[in-house]
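Here the protein sequences line up with chains A, B, C, D, E and F, keeping their order. Note that the first sequence covers residues 1 to 136 in full-length UniProt numbering. Note that the second sequence covers residues 1 to 136 in full-length UniProt numbering. Note that the third sequence covers residues 1 to 136 in full-length UniProt numbering. Note that the fourth sequence covers residues 1 to 136 in full-length UniProt numbering. Note that the fifth sequence covers residues 1 to 136 in full-length UniProt numbering. Note that the sixth sequence covers residues 1 to 136 in full-length UniProt numbering. This report refers to the structure that appears directly beneath it.
Protein chains: 6
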Amino acid sequence: MSTHETRHEVGLKKLSEFTDTNSAQSTHDKISESLKDIAPAVGEWITDFAYGEVYSRTGLGNRDRALVTISTLVTQGTEPQLALHINTGLTAGLSGNEIVEAIMHLVPYTGFPRVLNALEVAKTVFAERGITVETE
Amino acid sequence: MSTHETRHEVGLKKLSEFTDTNSAQSTHDKISESLKDIAPAVGEWITDFAYGEVYSRTGLGNRDRALVTISTLVTQGTEPQLALHINTGLTAGLSGNEIVEAIMHLVPYTGFPRVLNALEVAKTVFAERGITVETE
Amino acid sequence: MSTHETRHEVGLKKLSEFTDTNSAQSTHDKISESLKDIAPAVGEWITDFAYGEVYSRTGLGNRDRALVTISTLVTQGTEPQLALHINTGLTAGLSGNEIVEAIMHLVPYTGFPRVLNALEVAKTVFAERGITVETE
Amino acid sequence: MSTHETRHEVGLKKLSEFTDTNSAQSTHDKISESLKDIAPAVGEWITDFAYGEVYSRTGLGNRDRALVTISTLVTQGTEPQLALHINTGLTAGLSGNEIVEAIMHLVPYTGFPRVLNALEVAKTVFAERGITVETE
Amino acid sequence: MSTHETRHEVGLKKLSEFTDTNSAQSTHDKISESLKDIAPAVGEWITDFAYGEVYSRTGLGNRDRALVTISTLVTQGTEPQLALHINTGLTAGLSGNEIVEAIMHLVPYTGFPRVLNALEVAKTVFAERGITVETE
Amino acid sequence: MSTHETRHEVGLKKLSEFTDTNSAQSTHDKISESLKDIAPAVGEWITDFAYGEVYSRTGLGNRDRALVTISTLVTQGTEPQLALHINTGLTAGLSGNEIVEAIMHLVPYTGFPRVLNALEVAKTVFAERGITVETE
Numbered sequence: 001m002s003t004h005e006t007r008h009e010v011g012l013k014k015l016s017e018f019t020d021t022n023s024a025q026s027t028h029d030k031i032s033e034s035l036k037d038i039a040p041a042v043g044e045w046i047t048d049f050a051y052g053e054v055y056s057r058t059g060l061g062n063r064d065r066a067l068v069t070i071s072t073l074v075t076q077g078t079e080p081q082l083a084l085h086i087n088t089g090l091t092a093g094l095s096g097n098e099i100v101e102a103i104m105h106l107v108p109y110t111g112f113p114r115v116l117n118a119l120e121v122a123k124t125v126f127a128e129r130g131i132t133v134e135t136e
Numbered sequence: 001m002s003t004h005e006t007r008h009e010v011g012l013k014k015l016s017e018f019t020d021t022n023s024a025q026s027t028h029d030k031i032s033e034s035l036k037d038i039a040p041a042v043g044e045w046i047t048d049f050a051y052g053e054v055y056s057r058t059g060l061g062n063r064d065r066a067l068v069t070i071s072t073l074v075t076q077g078t079e080p081q082l083a084l085h086i087n088t089g090l091t092a093g094l095s096g097n098e099i100v101e102a103i104m105h106l107v108p109y110t111g112f113p114r115v116l117n118a119l120e121v122a123k124t125v126f127a128e129r130g131i132t133v134e135t136e
Numbered sequence: 001m002s003t004h005e006t007r008h009e010v011g012l013k014k015l016s017e018f019t020d021t022n023s024a025q026s027t028h029d030k031i032s033e034s035l036k037d038i039a040p041a042v043g044e045w046i047t048d049f050a051y052g053e054v055y056s057r058t059g060l061g062n063r064d065r066a067l068v069t070i071s072t073l074v075t076q077g078t079e080p081q082l083a084l085h086i087n088t089g090l091t092a093g094l095s096g097n098e099i100v101e102a103i104m105h106l107v108p109y110t111g112f113p114r115v116l117n118a119l120e121v122a123k124t125v126f127a128e129r130g131i132t133v134e135t136e
Numbered sequence: 001m002s003t004h005e006t007r008h009e010v011g012l013k014k015l016s017e018f019t020d021t022n023s024a025q026s027t028h029d030k031i032s033e034s035l036k037d038i039a040p041a042v043g044e045w046i047t048d049f050a051y052g053e054v055y056s057r058t059g060l061g062n063r064d065r066a067l068v069t070i071s072t073l074v075t076q077g078t079e080p081q082l083a084l085h086i087n088t089g090l091t092a093g094l095s096g097n098e099i100v101e102a103i104m105h106l107v108p109y110t111g112f113p114r115v116l117n118a119l120e121v122a123k124t125v126f127a128e129r130g131i132t133v134e135t136e
Numbered sequence: 001m002s003t004h005e006t007r008h009e010v011g012l013k014k015l016s017e018f019t020d021t022n023s024a025q026s027t028h029d030k031i032s033e034s035l036k037d038i039a040p041a042v043g044e045w046i047t048d049f050a051y052g053e054v055y056s057r058t059g060l061g062n063r064d065r066a067l068v069t070i071s072t073l074v075t076q077g078t079e080p081q082l083a084l085h086i087n088t089g090l091t092a093g094l095s096g097n098e099i100v101e102a103i104m105h106l107v108p109y110t111g112f113p114r115v116l117n118a119l120e121v122a123k124t125v126f127a128e129r130g131i132t133v134e135t136e
Numbered sequence: 001m002s003t004h005e006t007r008h009e010v011g012l013k014k015l016s017e018f019t020d021t022n023s024a025q026s027t028h029d030k031i032s033e034s035l036k037d038i039a040p041a042v043g044e045w046i047t048d049f050a051y052g053e054v055y056s057r058t059g060l061g062n063r064d065r066a067l068v069t070i071s072t073l074v075t076q077g078t079e080p081q082l083a084l085h086i087n088t089g090l091t092a093g094l095s096g097n098e099i100v101e102a103i104m105h106l107v108p109y110t111g112f113p114r115v116l117n118a119l120e121v122a123k124t125v126f127a128e129r130g131i132t133v134e135t136e
C-alpha cells in the first residue's frame with residue numbers, strides 16, 4: 001500500500017475498478033445506501049477492509065478475484081450478492097461465457113441445485129446489461 | 001469433444017493434465033483405489049462425467065477451473081478434497097502464491113474459520129511438494 | 001444399461017417415470033426451457049448423467065431415490081428444487097403423507113427452520129396437485 | 001420443571017415471554033396456523049420440546065437465548081425464522097442496537113453476504129415495530 | 001402413543017429397534033456415556049424427543065427413516081453421526097448395498113466431495129460389521 | 001477508537017481480554033505462529049480488523065460477543081476454531097455452564113449432530129482448563 005494513500009482511498013479506488021459501469025455501480029450503491037440507516041460501519045468495512053486490504057493485494061489480479069468470489073457465492077447460495085458479483089466480475093474482465101462456464105464447472109462440487117439457481121441469477125444480470133452468451 | 005474419442009478417453013486425458021506429478025497422481029489414485037471395493041461407478045463418474053464432460057469444455061482453461069474448484073472446497077470445508085485439488089491446481093498451472101492469495105481472498109465471503117483451516121491444508125500439501133511461498 | 005439404448009435414451013425414459021404428470025412435467029420443462037438460452041449442456045447433464053446414469057442404477061427403486069432426494073434438498077434449503085422433487089416424488093410413488101413424515105423426521109437432524117420452510121413448499125405443491133394429507 | 005405443570009404448559013408460558021407483543025405474537029401465530037393443515041405435531045414440538053424443554057432450562061436467561069438463536073439463524077441464512085426471532089429477541093430484552101451489533105459481530109465468522117442479508121431482515125422488523133437504532 | 005407408556009419408554013423401545021446389534025448399540029452407548037458428564041439432558045432428548053416422538057410416528061417405517069437420516073447426514077458432512085446411522089440403518093433393515101446406492105444417488109445433489117467422504121465412513125462401518133457389498 | 005491508538009494497538013489490547021490465560025493464549029499463539037510461514041497478513045487481519053474494529057465496538061460486551069461467536073461456530077461445525085473460542089469465551093466471562101447451555105440451546109436450530117460434536121469439543125477444553133460443569 002502506497003504511503004501516500006490511506007486504506008480507505010485504496011479501497012475506493014479498487015472498488016471503482018469493479019463497479020465502473022452503471023449496472024455494477026448502482027447495485028453497489030443500493031447496498032451502501034441501505035446500510036446507512038442501520039449499520040454504516042459495515043459499509044466502511046467493505047470499502048476499507050474487503051477492497052482496501054483484501055482485494056488490493058498484488059498476488060492475484062481483479063479477474064481472478066472475481067472468479068473466486070463468484071465460486072464461493074454460488075456454493076453458499078447467497079443470491080443477492082451473487083447478482084452483484086456477476087456484475088462486478090463482468091466489469092473486472094470476465095466474459096459472460098467465462099462466468100457461465102465457471103458456474104457450470106461447479107456441478108461436480110456443489111450438485112445441480114446451487115448451479116441451476118445461480119444460472120437464473122446470471123440470466124437476469126446478463127439481460128440487464130444486454131449481454132448474450134454463446135451456447136454450445 | 002472429438003468424434004474419435006469416447007468421453008472416457010477424453011476424461012482420462014484431461015485428468016492426466018491435472019495429475020501429472022507424483023504427488024497429485026498418488027492422491028488421486030488413492031481415491032480410485034478406495035472406491036473399487038465399495039462404489040467403483042463413482043470412480044468412473046469422476047473420470048467420465050467430471051473430467052470427460054465438465055472439465056473438458058473449452059470455455060475456461062485448466063488453471064481457472066482449478067481456481068474455481070479450490071474456492072468451492074474452501075467454502076464447503078471438505079478438507080480431504082481440498083488437499084487433492086491444491087495438488088491438482090499446482091499441476092494445472094497455479095503457483096503456490098496464487099493458491100494462498102485465493103484462499104485469503106475468501107475471508108470477506110466465508111469468514112476466518114474456513115480460511116484458517118484451508119491454509120493449514122495448503123501448508124501440508126506445499127511441504128509434501130517442496131513448495132515455498134513468498135509472504136508479504 | 002442395455003446395449004441397445006444410449007444413456008440419453010435411458011435418461012429420458014427414467015425421467016418420464018418421475019415426471020409423468022402435468023404438474024411434475026411442466027415444472028421440469030420450465031427448467032430445461034430456461035437453461036436453453038444460457039447453459040443447454042446442464043440440461044443434457046441432468047438427463048444423461050443424473051437420470052441416465054445415477055437414477056437408472058438398479059440397487060434402489062424410484063420411490064426410495066425420491067426420498068433421498070427430498071431429504072438432501074430440505075437439508076440444503078434449496079426451495080425451487082425441493083418444489084420440483086416433491087412433485088417428482090409424488091409421481092414416483094411417495095404419498096403426500098410420507099413426504100410430510102420424511103420432512104418432519106428431519107427436525108432432530110436439521111432443526112426446525114429448514115423443516116418449517118420445507119413444509120411451506122410442500123403445502124404449495126400439494127395445493128397445486130389437489131392433494132390433502134391426513135394430520136394426526 | 002415444576003411437578004404441577006406439564007411441559008406443554010411450561011412451553012406455552014415460556015413462549016409467551018418471547019411473543020408478548022403484537023408483532024412477535026402475530027408472526028408466531030402465522031407459523032402455527034400454517035402448520036395446522038399439514039403437520040400440526042411440528043407446532044406441538046415447538047411449544048412442548050423447543051420452548052417447554054430447551055428454552056425453559058434455567059442455566060441461561062431469555063435474552064441470552066435470543067442472542068444464541070439470532071446468531072445461528074444469521075449463519076444458516078434462514079430468513080423467515082430470522083425475522084421471527086429478531087422479533088422475539090426484542091420482546092425478550094435485546095435492544096435493536098444489540099441485535100445489530102450481534103449481526104455485525106458475525107462478519108469475521110460468516111463473511112459479509114450473510115450479514116448483509118440479515119441486516120435487511122432486521123431493517124424490516126425494526127420498521128414494523130417502530131424501532132430506530134443509533135448508528136455510529 | 002399408547003396411553004400406558006410414557007414417551008421415554010416409547011423412545012427406549014424404538015431406539016432398541018435401531019440399535020439391537022453389538023455394533024450399533026456400542027456406538028450409541030458411547031454417545032450417551034460421553035454426554036453424562038457434560039449434558040445428560042441431551043441424551044434424554046435423544047431418547048424421549050427424537051426416538052419417543054419423532055421416530056415413533058407411524059406414517060413412515062424404520063427403514064425409510066434410516067434412509068432419510070443417512071441422506072441428511074451425508075449432506076451435512078457430520079461424519080461421527082453418519083457412522084452411527086449407517087450402523088442403525090443396517091439394523092433397521094437397509095442392506096449395505098442400499099446404503100451405498102443412497103450415498104451414490106446424492107452425487108447430483110451434493111457433488112462428489114460429500115459422497116466420497118461418506119463412502120469412506122461406510123467402508124469402515126461395513127468392515128466392523130463384516131458386511132460386503134456387491135459392486136457393479 | 002481513541003485517536004491516540006492505532007487499530008493494531010486497539011486490536012492487541014482487545015485480543016488480550018479474550019486470551020489472558022495460559023490455555024486461550026497458547027491456542028491463539030499456535031494459530032498466529034502457523035500463519036507466519038504462509039499468510040502472515042491473515043494474522044494481522046485477525047488482530048487489526050476482527051479484534052481492532054469488530055470486537056472493539058462498544059454496543060455489545062465481551063461476554064455477549066463470545067456467546068455469538070460460539071453459536072456461529074457450533075452451527076458451522078468448524079471445530080478447531082470452536083475449541084479456541086470456548087477458551088476465549090471462558091476468559092471473557094462465560095461460565096462453563098453457560099457455554100454448555102448455549103450449545104444445548106442450539107438443538108432446535110441445528111439438530112443434534114452439530115450439538116453432539118460441539119459438546120465433545122467443550123469436554124476437551126474444560127478438561128484442559130480443569131473446569132467442571134454441574135449437570136442437571
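For glycine and all other residues, C-beta sits at the position ideal for the given N, C-alpha and C.
Of the residues assessed, ASP29(B) falls on the exposed side of the cut-off, its CB having fewer than 16 other CB atoms within 10 angstroms.
Within the same chain, and ignoring the five residues on either side of ASN87(D) in sequence, the residues whose Cβ sits closer than 7 Å to its Cβ are SER23, ALA24, THR27 and VAL125. Here PRO40(A) is exposed. Its C-beta has fewer than 16 other C-beta atoms within 10 Å. Residues of chain F whose Cβ lies closer than 7 Å to the Cβ of GLY111(C) are, in chain order, PRO108, TYR109, THR110 and GLY111.
As for any alpha helix (DSSP H) of minimum length 4 sitting wholly inside the stretch 52–117 of chain D, the runs are 62–76, 79–91, 96–105 and 107–110, ordered along the chain. Boundaries of the alpha helix (DSSP H) harbouring THR19(D): 7–19, taken from the DSSP string. Residues LEU35 of the same chain have their beta carbon placed closer than 6 Å to that of VAL42(F), with the five preceding and five following residues left out of the count. For ASP37(F) and ILE38(E), the gap between their C-alpha atoms comes out near 38 Å. With a threshold of 16 other beta carbon atoms within 10 Å, GLY61(B) falls short and is exposed.
Between LEU116(C) and GLN81(D), the CB-CB gap stays under 8 Å. Against chain A, the CB of ASP37(C) has a partner CB under 8 Å away; the residue lies at that interface.
Per the C-alpha coordinates, the member of GLN76(C), GLY89(C), GLU33(C) and VAL68(C) positioned closest to ARG129(C) is GLY89(C).
Among the residues facing chain E, ALA122(F) is included, as its CB has a counterpart in that chain under 8 Å away. Proximity of the stretch 12–21 of chain C to the stretch 101–116 of chain B falls short of the contact definition, fewer than three beta-carbon pairs being nearer than 8 Å.
What VAL133(F) touches in chain E, judged by beta-carbon distance under 9 Å, is ASP37, ILE38 and ALA39, going in chain order. Using a Cβ-Cβ cut-off of 8 Å, LEU119(E) counts as an interface residue toward chain B, since at least one Cβ of chain B sits closer than that to its own. Linking HIS105(A) to ARG65(B) through their CA atoms gives a straight-line distance of about 7 Å.
DSSP places ALA41(F) inside the alpha helix (DSSP H), whose first and last residues are 40–45. Judged by beta-carbon spacing, LEU67(A) lies within the 8 Å limit of ALA102(A), meaning their Cβ atoms are closer than that value. One alpha carbon belongs to GLN76(A), the other to VAL74(D), and they sit about 13 Å apart. A Cβ-Cβ distance of about 4 Å is found for the pair ILE131(B) and GLY96(B), placing them in contact under the 8 Å criterion. ASP37(F) carries a coil assignment under DSSP once its states are collapsed to helix, strand and coil.
In the displayed model, VAL133(D) falls within coil according to three-state DSSP, outside both helix and strand. If you check the CB distance, GLY93(F) and TYR51(F) do not come in under 8 Å. Each residue's CA atom was taken as its position, placing ILE99(B) and TYR109(B) some 16 Å apart.
In terms of Cβ geometry, SER71(E) and SER71(C) form a close pair [threshold 8 Å]. Between GLU5(F) and GLU53(A), the alpha-carbon positions lie close to 20 Å from each other.
Interface residue (Cβ-Cβ distance to chain A less than 8 Å): VAL10(B) is not classified as such.
When GLY111(A), ARG7(A), ARG63(A) and ILE31(A) are compared, the shortest CA-CA separation from GLU120(D) is found for ILE31(A).
For ARG7(C), no CB of chain E lies under 8 Å from its own CB, so it is not counted at the interface with that chain. For LEU73(D), the chain F residues whose Cβ falls inside 8 Å of its Cβ are TYR109, in order along the chain. THR135(E) has its alpha-carbon roughly 49 Å from the corresponding atom of THR91(A). Looking at GLU33(E), GLY59(E), ASP20(E) and PHE49(E), the one whose alpha-carbon comes closest to that of ARG7(E) is PHE49(E).
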